[in-house]
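Report on the structure given below.
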Amino acid sequence: MAAAEATFKPWWRETLETIIWAFILAMIIRTFIVQAFWIPSGSMIPTLEVGDRVLVAKFWNWFFEPSRGSLYVFRYPLDHDRDFVKRVIAIPGDKVDIKNGIVYINDQPTNEPYVKNHDNFTMRPSRYFPSVPFTVPEGKYFMLGDNRPNSQDGRFWGFASDEDLRGPVFFRYWPLNRIGIPR
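Structure follows, in structure tokens:
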């Protein structure tokens with residue numbers, strides 16, 4: 002009985018198959034697991050600087066609800082072609098008010114050590130908040146930037162919804178001198 006003959010694919014076919022499988026795997030990872038984002042503005046200074054590059058855990062929302070204080074990337078509610086990164090300040094059911102730059106959640110002032118640049122903003126009734134204080138609706142989140150005087154955030158466009166959340170920021174990989182977990 003003759004030994005089984007080994008069959009080899011041509012080098013170009015091996016290379017093409019490797020590239021195709023790598024592309025498919027990369028698209029699955031980017032779509033469902035982890036995605037890289039670039040920070041284009043100073044709305045999150047000092048936590049995230051302009052030009053920082055971060056990783057977002059896109060699968061996280063399948064298992065966990067967003068929590069107060071976590072950093073999230075989400076589709077901007079007024080233009081779904083843009084992504085924003087902000088901090089979750091209030092979750093569904095929370096009563097929110099802002100007086101002289103201090104955020105009150107359920108009538109208690111919040112401790113926000115990550116906010117280094119404060120403003121004197123006070124919530125007033127508006128298109129997005131007909132009454133103040135307001136309660137965060139089910140399936141929505143109130144998001145604010147850490148650099149309050151320079152942040153286009155929930156105070157001006159309302160709430161981010163469940164379906165718009167991309168995932169939490171879990172790692173900054175650029176620049177190398179700031180690599181780590183942003184808090």
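Residue numbers for the sequence shown follow this note's numbering, beginning at 2 and rising by one.
Think of the CB as a built atom: it goes at the ideal place given N, C-alpha and C, for glycine as much as any other residue.
In this text the structure is predicted, and so the values were computed from the model without any measurement.
>> Could you compute how far the alpha carbon of residue 118 sits from the alpha carbon of residue 79?
In response: Distance between the alpha carbons of residue 118 and residue 79: 25 Å.
> Hey, residue 75 and residue 167 are a contact pair by Cβ (cut 8 Å); roughly how many whole angstroms apart?
Replying inline: Contact between residue 75 and residue 167 holds: CB atoms are separated by about 6 Å, below the 8 Å threshold.
>> Please classify residue 9 as buried or exposed, where buried requires at least 16 neighbouring CB atoms within 10 angstroms.
In response: Classified as exposed, residue 9 has fewer than 16 neighbouring CB atoms from the shown chains inside 10 Å of its CB.
>> Quick check: what's the CA-CA separation for residue 48 versus residue 55?
In response: Between residue 48 and residue 55, the alpha-carbon positions lie close to 12 Å from each other.
> Is residue 136 helix, strand or coil when you go by DSSP?
Replying inline: It is a strand residue.
> What alpha helix (DSSP H) runs, 4 residues minimum, are completely inside the segment 5 to 78?
Replying inline: Segments of the alpha helix (DSSP H) lying fully in the segment 5 to 78: 12 to 29.
> So which of 177, 170, 178 has the shortest CA-CA distance to residue 45?
Replying inline: Here the closest residue by C-alpha is 170.
>> When you compare the segment 132 to 142 with the segment 86 to 99, are there three or more beta-carbon pairs, one atom per stretch, that lie closer than 8 Å?
In response: The segment 132 to 142, when compared against the segment 86 to 99, does touch it at the 8 Å Cβ threshold.
> In angstroms, rounded to a whole number, what distance separates the CA positions of residue 41 and residue 154?
Replying inline: For residue 41 and residue 154, the gap between their C-alpha atoms comes out near 14 Å.
> Can you tell me whether residue 174 is buried or exposed, with buried defined as 16 or more other CB within 10 angstroms of its CB?
Replying inline: It is exposed - the Cβ of residue 174 has fewer than 16 other Cβ atoms within 10 Å.
>> For residue 172 and residue 50, I'd like the C-alpha separation in whole angstroms.
In response: Roughly 13 Å separates the two Cα atoms.
>> One question on the structure: do residue 121 and residue 146 come within less than 8 Å of each other, judged by their Cβ atoms?
In response: Note that the C-beta distance between residue 121 and residue 146 is not below 8 Å.
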